[in-house]
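In full-length UniProt numbering, the protein residues as written are 1 to 317.
Structure first, commentary second.
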């Protein structure tokens, strides 16, 4: 059987990271997986030197005619949301779509699919910085700015750069099953599937008074980690209701107040573990965990190692 051909597009001012993610996923041979892995190629859709971010120049070995054979086409970030892609490129993508090829974009690459009209009446996502512009330029698209990726079956779009990895691993799971997808993620040292969407990374402005109160609370908590803190006590100090405190913490940090505090305490533990003379019981007390058992539990959960192993690796002497 013919191998599944994945073709990555290359054009001037190419986004190096997104292009590199695509190469990492599909270009490497993976004999340990015992599956019929992909065939991968890079296709130049413009003439002349292809400059990529970071001062890199890319030489693509294949011409656009290869798109007629591609099973999956990956579109890295497009260079300018307001620059219409070349008409010939849009025609090639429409032809590939018409014959059933799978089309995938990462970050601002969605503007190429949108310009080709391949997202009209469909859901799509992009980096949160571009979501509003996408909706303005292409009102027929149902923009979903909080998603890491949106799979419409034949057309898949991913959010910001790193979300491309989430989408690419999703493609592997679709093609080869969850077990293979998990093994590839393990080799990449990334999570097989990230929970939540990119909404957790969006900056949301807070009212000036709330911002000031929350900022003061965060500073105070960092300087008083050993004291017992609850949502109620934190809300009282910030002069907010517990519900408002929860909402403002989530908007400002992406975490609830209790989880944020635990992570701050683990950071304090890491610093203190670098001194070999401070016993773990004392560290637990100073960081506010109260007991070694609680410290060990949260440290292992967040640092993926034990306090003892961390101390051996990072001890100051």
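Built from N, CA and C at the ideal position, the CB exists for glycine as well.
These numbers were taken from a predicted model, which means no experiment stands behind them.
Original post:
Quick one: Cα of residue 268 to Cα of residue 245, how far?
Top reply: 23 Å
Original post:
To which residues does DSSP link residue 9 through a beta bridge?
Top reply: 43
**OP:** For residue 62, write down the residues that DSSP places opposite it in a beta bridge.
**Re:** Bridge partners of residue 62: 43.
Original post:
Do the segment 69 to 79 and the segment 1 to 15 meet, that is, are 3 or more Cβ pairs less than 8 Å apart?
Top reply: Yes, they touch.
**OP:** Excluding the 5 residues preceding and the 5 following residue 312 in the sequence, name in chain order all residues of the same chain whose CB lies nearer than 8 Å to its CB.
**Re:** none
Subject >> Option nearest residue 41 by Cα separation, candidates 26, 186, 134 >> reply: 26
Subject >> Proximity of residue 181 and residue 172 at Cβ, strictly below 9 Å >> reply: Taking 9 Å as the Cβ cut-off, residue 181 and residue 172 qualify as a contacting pair.
Subject >> Whole-number beta carbon distance between residue 112 and residue 124, since they are thought to touch under 8 Å >> reply: Not confirmed; about 12 Å, so no contact.
**OP:** Would you please state the rounded distance, in angstroms, between the beta carbons of residue 103 and residue 118? I believe it to be under 8 Å.
**Re:** Their Cβ separation, rounded to whole angstroms, is 6 Å, which keeps residue 103 and residue 118 in contact under 8 Å.
**OP:** Could you pull the start and end residues of the alpha helix (DSSP H) that residue 141 belongs to?
**Re:** From DSSP, residue 141 is part of no alpha helix (DSSP H); its letter is neither H nor E.
**OP:** Look at residue 52 and residue 22 and say whether their C-beta atoms are less than 9 Å apart.
**Re:** Against a cut-off of 9 Å, the Cβ pair of residue 22 and residue 52 comes out as no contact.
Original post:
Where do the ends of the beta strand (DSSP E) carrying residue 102 lie?
Top reply: According to the DSSP assignment, residue 102 belongs to the beta strand (DSSP E) that extends over 102 to 106.
Subject >> Minimum C-alpha distance to residue 85 - residue among 185, 155, 19, 12 >> reply: 12
Subject >> Integer Cβ distance of residue 176 from residue 35, believed to fall under 8 Å >> reply: 5 Å
Subject >> Coil, strand or helix - residue 157 by DSSP >> reply: The DSSP-derived three-state label of residue 157 is strand.
Original post:
By DSSP, does residue 116 sit in helix, in strand, or in coil?
Top reply: coil
Original post:
Skipping 5 residues on each side, what residues in its chain have a beta carbon closer than 8 Å to that of residue 291?
Top reply: 284
Original post:
What's the C-alpha gap between residue 3 and residue 89?
Top reply: 24 Å
**OP:** Could you work out which residue in 68, 80, 82, 108 is closest to residue 94 when comparing CA atoms only?
**Re:** 68
**OP:** Please go through the segment 256 to 314 and give each complete alpha helix (DSSP H) segment of 4 or more residues, from N-terminal end onward.
**Re:** 257 to 273, 280 to 287, 292 to 303, 307 to 314
Original post:
What residues match up with residue 151 in a beta bridge as DSSP calls it?
Top reply: For residue 151, which the question treats as bridged, DSSP gives the partners 156.
Original post:
Would you say residue 79 and residue 108 are within 9 Å of each other, going by their C-beta atoms?
Top reply: yes
**OP:** Would you identify the three-state DSSP class for residue 14, choosing helix, strand or coil?
**Re:** strand
Original post:
Given residue 294, which residues of its chain have a CB within under 8 Å of its CB, disregarding the five upstream and five downstream residues?
Top reply: Correct list, in chain order: 284.
Original post:
From residue 38 to residue 287, what distance separates their C-alpha atoms?
Top reply: 50 Å
**OP:** Output yes or no for whether 9 Å exceeds the beta carbon distance between residue 81 and residue 97.
**Re:** no
Original post:
Which residue comes first and which comes last in the alpha helix (DSSP H) that contains residue 253?
Top reply: Unbroken alpha helix (DSSP H) run through residue 253: 242 to 253.
Subject >> Cβ-based neighbour list, residue 310, same chain, cut-off 8 Å, excluding 5 preceding and 5 following >> reply: 270, 273, 299, 303
Subject >> Which of helix, strand or coil DSSP assigns to residue 57 >> reply: strand
Original post:
Under three-state DSSP, which class holds residue 129?
Top reply: coil
**OP:** Look at the Cβ atom of residue 101, then the Cβ atom of residue 70, and state whether they are nearer than 9 Å.
**Re:** yes
**OP:** Give the straight-line distance between the Cα atoms of residue 44 and residue 165, rounded to the nearest whole angstrom.
**Re:** 22 Å
**OP:** Could you tell me whether the Cβ atoms of residue 213 and residue 238 are closer together than 9 Å?
**Re:** yes
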